[in-house]
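>
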Amino acid sequence: MAVDPLELYNAKRDFKKTAEPSGKRATGKGNSFVVQKHDATRLHWDFRLEIDGVLKSWAVTRGPSLNPDDKRLAVRTEDHPLDYGSFEGTIPQGQYGGGTVMLWDRGTWAPITGKSAKDLEEGHLHFTLDGERMKGEWLLVRIKGKPKEKRENWLLRKIDDAFAGSSDELVERCLTSVTTGRTMQDIAAGKAAPKARAARRATALPKFEAPQLATLVDHVPDGGEWLHETKYDGYRALIAVGGGKAKLFTRSGLDWSDKFPKLVQAAAGLEVDSALIDGEIVVFDAKGNPSFGALQDAIKTGDPDALFFAFDLLELDGADVKKLSNIERKERLRPIIPVDGPFQFAEHILGSGEQLLAAMCDAGLEGIVSKRADAPYRGKRTQSWLKVKCTLRAEYVIIGWTDSSATRRGFGALLLAAREGDKLRYVGKVGTGFNDKAITALRKELDAISTAKAAADVPGPARRGAHFVEPKLVAEVAYGSLTDDGILRHASYLGLRQDKNAKDVKIEHAASVPDISEVKISNPDRVIFPEADITKGELAEYYEAMAALVLSTAKGRPLSLVRCPQGRAKQCFFQRHGAENLGDAIRTVDVLGKDGKRRAYLYVDDKTGLLECVQMGSIELHGWGAKANDIERPDRMIFDLDPDEGLDFGDVRKAAVDLKQKLSDLGLVSFPMLSGGKGIHVIVPLTPQAEWPEVTDFARRFASALAGAEPERYTATMSKAKRKGRIFIDWLRNQRGSTAILPYSVRARPGAPVAAPIAWSEIAQVDGGGHFSLDNRAELLERASGKLLRGWGVADQPLPGY
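Position one of the sequence shown corresponds to residue 2 (our numbering), numbered consecutively onward.
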């Protein structure tokens, strides 16, 4: 006769005195789990998994923790019936387990791929939970018991994934029932569950906030820390709800409530006091696919079929939730969204991003958006949101149109331009993708902004028969490829981007996916540049992406680090010695000082070392003029052009060109670099032959000669009195032990400017030493591999005379 797994459960209870359900094994194979907070002899959390028709149970004495370092004791208890999974109430004192029971969590569970529930018999169960509070991967491991010990002890531990955390605050934060919303005190007092809210408080509408934007990348990030969503082909929007009213904003903050009245009406009825919800407005075509054209038609007809896919939450009931993790914000958003109607919750998956992208592409959709599950919400473009597209598509400014060869057709093709800096560059034409209705409507808009002059330099053949317009309209275009000159091939019109300002449209360059997993960055959300809202995590992402370029100069070179552990606006300091607490990949080289003592100088050899510098609060990297393995023979010479206050940057540009010519007269090739501050560095690569005294002497004499020839423009003396109205040619960086900012280093200055290499041919176009910043990472990467900077900083040339 089979053993009844619930025999012990039933024997322990008097069902005439307790409201707990009597035990009966269920048939079928379910996968539910529950956690019940139980204030009995001592407070604990009963963790239960449905296996073989019963709830296998453990008493977790301190409750579950999201911190993977916390191993919580879980004492195996008797199996419970499935009906126990809905029990909440008070067990009378004197009865087994007497005390208050709260249904603290519930959901489903599953063994990870390749494992099964039978692993429980072996004392090791690796599984995933999808509950309201416990999510992701977990581990139950049986501890080897002592001789004659009757109780079965296990350890419950969170696996380090997107749902993991660094603290054990879960049981402290979650204090109410997932079914009734009651506290333990409410349950003990026999209070009924709170009634559904009858009338909402009159709460003000949340104000518009800048939305977070995704960075275009070339492939899907992998790892359990990323969640992936469908990229909808629609209009980005934020909906503010409060006091029974609602407003709909475009991504730029325009009030479009009148264009989507049905969405606004539905939003006003959401069961919240107030909320600010981020999402995408989408209209589906007859085939069930998102259609950008149908969306534009919906704007004109009052949005009869428009849906709003909600994927993020910025504010809820007056509380700012942007600092919560992405996954927690979505869990707070989910219950707000009704199961039917024009509002839809944007579902996501964890991991398997490549498979989702393949499915989206096969279905003819736009692509996916991948988001760091643990990241806060930041109102700007970041690398914690990444987008991967199935097809090449971009937004361009319309600068004109050509006549059509067809009778009564409004135009033949649109002339397009891309914004590069403050200028527009012609990128070609688009003549397909229009229907007659779109052509007629668009021609009216074009006629209203006609002008005689082209907003960009349009080549001769493209100008024939062209009519130009003011650069006010933005077109979204799909295309096959770009020529080497950046001209569109096989372009097809998708629609007007009425939600975007032509001045804000810039070409996106696909960046590499960030991967800083090799170095754990603590406090990644700490704001390092307060005026630009740039965090420590974003600084680490910059250095990870730029590592190859930074290391091309920094590798093996003694460094001085500018460390700002609490941010650039607080205390910063230089560090060149003492690597003990910086990281294993930060190395040292012993260098003999002027006093005859040897000191250990820092240097890095790889990306890990570079990121360890960032982890310890470093922002700037300054390097010696020689490598650690040849410390007495410099491999570069640097002249830092430092203008006095009040001088125009044009004076600095002219001085840099003058130095280039003077150096060239001596047979030396030089390269310009924007310092990230006020000036320009003129860098002279050297074959490491001459030693420090010779290089220092040459640099001093060269700077002094220029200052002597034009004393009204230059000085070679650091004295502030002698620098007034002049440019200081700082040659002192060429002394042994002195350092200079390295190429592509971020500066600890407002806005996170970058020390950026440039070409001599473009020096007249830059507007300051801080022309580039951390936010220009994709552009800096593209520039570094382009024609202009090919061979920058490389020259095999000895110091003249050596």
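Backbone N, C-alpha and C define an ideal beta-carbon position, used for all residues, glycine too. Values in this document were obtained by computation on a predicted structure and should not be read as measured data.
Just reading off the alpha helix (DSSP H) that Asn11 is part of, what are its end residues?
Position 10 of the sequence shown, counted from the first residue, corresponds to residue 11. It spans 8-12 - the alpha helix (DSSP H) in which Asn11 sits, taken as one unbroken run.
> Taking the alpha carbon of Ser812 as the point to measure from, which residue in Gly31, Lys13, Lys30, Asn32 has its own alpha carbon closest?
Residue 812 falls outside the range modelled here, since the chain spans only 2 to 803, and no answer is possible.
> Just how far apart, CA to CA, sit Arg750 and Lys390?
The count along the sequence shown starts at 1 and reaches residue 750 at position 749. The count along the sequence shown starts at 1 and reaches residue 390 at position 389. Near 35 Å, if we compare the C-alpha coordinates of Lys390 and Arg750.
> Return the chain-ordered list of same chain residues with a C-beta closer than 6 Å to the C-beta of Ser705, the five sequence neighbours on each side being excluded.
Sequence index remark: in the sequence shown, residue 705 carries index 704 (1-based). Taken in chain order, the residues that qualify are Ala717.
> Between which two residues does the beta strand (DSSP E) carrying Tyr397 extend?
Your numbering for residue 397 matches position 396 in the sequence shown. From DSSP, the beta strand (DSSP E) with Tyr397 extends over 394-403.
> Beta carbon of Ala269, beta carbon of Lys246: below 7 Å?
As a working note, residue 269 is residue 268 in the sequence shown. As a working note, residue 246 is residue 245 in the sequence shown. Cβ distance < 7 Å, so Ala269 and Lys246 count as in contact.
> Measure the beta-carbon distance from Leu425 to Ala414 and round it to whole angstroms, keeping in mind my assumption that it falls under 8 Å.
For the purposes of this step, residue 425 is taken as residue 424 along the sequence shown, with counting starting at 1. For the purposes of this step, residue 414 is taken as residue 413 along the sequence shown, with counting starting at 1. Actually they do not touch by this definition, with Cβ atoms about 17 Å apart.
> Give the single residue among Arg569, Ala548, Lys504, Lys507 whose Cα lies nearest to the Cα of Asp534.
Stepping through the sequence shown from its first residue, residue 534 is reached at position 533. Closest option to Asp534, Cα to Cα, is Arg569.
> Along the chain, where does the beta strand (DSSP E) containing Arg77 start, and where does it finish?
Taking the first residue of the sequence shown as position 1, residue 77 is located at position 76. Here the beta strand (DSSP E) through Arg77 covers 72-81.
> Closest to Arg490 by C-alpha separation, out of Arg498, Asp71, Ile240, Tyr480, would be which residue?
In the sequence shown, counting from the first residue as 1, residue 490 sits at position 489. When each option's Cα is compared against that of Arg490, the closest is Tyr480.
> At the level of alpha carbons, what is the spacing between Ala449 and Ala765?
Counted from its first residue, the sequence shown places residue 449 at position 448. Counted from its first residue, the sequence shown places residue 765 at position 764. One C-alpha to the other measures close to 37 Å.
> Buried or exposed, going by whether 16 or more other CB atoms sit within 10 Å of the CB of Ser786?
As a first step, residue 786 must be located in the sequence shown, where it is residue number 785. Under this definition Ser786 is an exposed residue.
> Compare the C-alpha of Ala456 against each of Leu660, Arg599, Val428 and name the closest.
Indexing the sequence shown from 1 puts residue 456 at position 455. Closest by alpha carbon: Val428.
> Determine, using beta carbons only, whether Val658 and Ile681 come nearer to each other than 7 Å.
Here the question's residue 658 lines up with position 657 in the sequence shown. Here the question's residue 681 lines up with position 680 in the sequence shown. No, Cβ-Cβ distance for Val658 and Ile681 is not below 7 Å.
> Between Ala395, Asp607, Thr536, Asp80, which has its C-alpha nearest Gly496's C-alpha?
Along the sequence shown, one-based indexing puts residue 496 at 495. Gly496 has its Cα closest to that of Ala395, out of Ala395, Asp607, Thr536, Asp80.
> At which residues does the alpha helix (DSSP H) containing Leu171 begin and terminate?
Stepping through the sequence shown from its first residue, residue 171 is reached at position 170. 171-174 is the span of the alpha helix (DSSP H), which, as asked, contains Leu171.
> Measure the C-alpha to C-alpha separation of Tyr236 and Val283 and round it to an integer number of angstroms.
By one-based count along the sequence shown, residue 236 stands at place 235. By one-based count along the sequence shown, residue 283 stands at place 282. Whole-angstrom Cα-Cα distance: 7 Å.
> With 16 as the cutoff for other CB atoms within 10 Å, does Gly579 come out buried or exposed?
Counting from one through the sequence shown, the residue named residue 579 turns up at place 578. Burial call: exposed.
> Thinking Ala541 and Val615 are a contact (beta carbons under 8 Å), I'd like their distance in whole angstroms, please.
Translated into positions along the sequence shown, residue 541 becomes position 540. Translated into positions along the sequence shown, residue 615 becomes position 614. With a Cβ gap of about 5 Å, Ala541 and Val615 count as contacting.
> Measure the CB-CB distance between Pro212 and Arg252 and report whether it falls below 7 Å.
Here residue 212 refers to the residue found at position 211 when the sequence shown is read from its first residue. Here residue 252 refers to the residue found at position 251 when the sequence shown is read from its first residue. Closer than 7 Å, so yes.
> In or out: Arg198 buried (at least 16 other Cβ within 10 Å) or exposed?
Here the question's residue 198 lines up with position 197 in the sequence shown. Low confidence applies here, because Arg198 scores a pLDDT of 47, under 50, leaving its location unreliable; read the following figure in that light. Per the 10 Å Cβ criterion, exposed.
> Would Lys159 be called buried (16 or more neighbouring beta carbons within 10 Å of its own) or exposed?
Here residue 159 is taken as the residue at index 158 of the sequence shown, counted from 1. Result: buried.
> Take every Cβ of the region 356-364, pair it with every Cβ of the region 435-446, and state whether three or more of those distances are shorter than 8 Å.
Touching, no.
> At the level of alpha carbons, what is the spacing between Gly618 and Gly584?
Counting from one through the sequence shown, the residue named residue 618 turns up at place 617. Counting from one through the sequence shown, the residue named residue 584 turns up at place 583. Taking the straight line from one Cα to the other gives about 12 Å.
> From Glu138 to Gln690, what distance separates their C-alpha atoms?
As a first step, residue 138 must be located in the sequence shown, where it is residue number 137. As a first step, residue 690 must be located in the sequence shown, where it is residue number 689. Glu138 and Gln690: Cα-Cα distance of roughly 58 Å.
> Would you be able to state if there are at least three C-beta pairs under 8 Å between the region 595-610 and the region 655-669?
Touching, no, given that fewer than three Cβ pairs across the two stretches are closer than 8 Å.
> Where does Arg599 fall in DSSP's three states?
The residue labelled residue 599 in the question sits at position 598 within the sequence shown. Of the three classes helix, strand and coil, the one that applies to Arg599 here is strand, per DSSP.
> Can you tell me whether DSSP reads Gln616 as helix, strand or coil?
Counting from one through the sequence shown, the residue named residue 616 turns up at place 615. Here Gln616 sits in helix by DSSP.
> Can you tell me which residues form a DSSP beta bridge with His682?
One-based indexing of the sequence shown puts residue 682 at position 681. Looking at the DSSP assignment, His682 forms a beta bridge with Asp641, Met674.
> Can you give, in chain order, each stretch of the beta strand (DSSP E) that sits fully within the region 215-244 and has at least 3 residues?
Taking only runs of at least 3 residues, the beta strand (DSSP E) segments lying wholly in the region 215-244 are 227-232, 236-243.
> Report buried or exposed for Met2, applying the criterion of at least 16 other Cβ atoms within 10 angstroms of its Cβ.
Here the question's residue 2 lines up with position 1 in the sequence shown. Note that Met2 scores a pLDDT of 46, beneath 50, so its modelled location is shaky; the value from the coordinates is reported in the next line. Answer is exposed; the Cβ neighbour count stays below 16.
> Which of helix, strand or coil does DSSP assign to Asp437?
To locate residue 437, count along the sequence shown from 1; it is residue 436. It is helical.
> Report buried or exposed for His125, applying the criterion of at least 16 other Cβ atoms within 10 angstroms of its Cβ.
If you number the sequence shown from 1, residue 125 lands on position 124. By the neighbour-count rule (16 or more Cβ atoms within 10 Å), His125 is not buried but exposed.
> Can you have a look at Val61 and say buried or exposed, based on whether 16 or more other CB atoms are within 10 angstroms of its CB?
Here residue 61 is taken as the residue at index 60 of the sequence shown, counted from 1. So Val61 ends up on the buried side.
> Measure the C-alpha to C-alpha separation of Val76 and Phe773 and round it to an integer number of angstroms.
By 1-based counting over the sequence shown, the position of residue 76 is 75. By 1-based counting over the sequence shown, the position of residue 773 is 772. Near 59 Å, if we compare the C-alpha coordinates of Phe773 and Val76.
> Could you name the residues that DSSP lists as bridge partners for Thr251?
Residue numbering aside, residue 251 sits at position 250 when the sequence shown is read from its first letter. Partner(s): Ala238.
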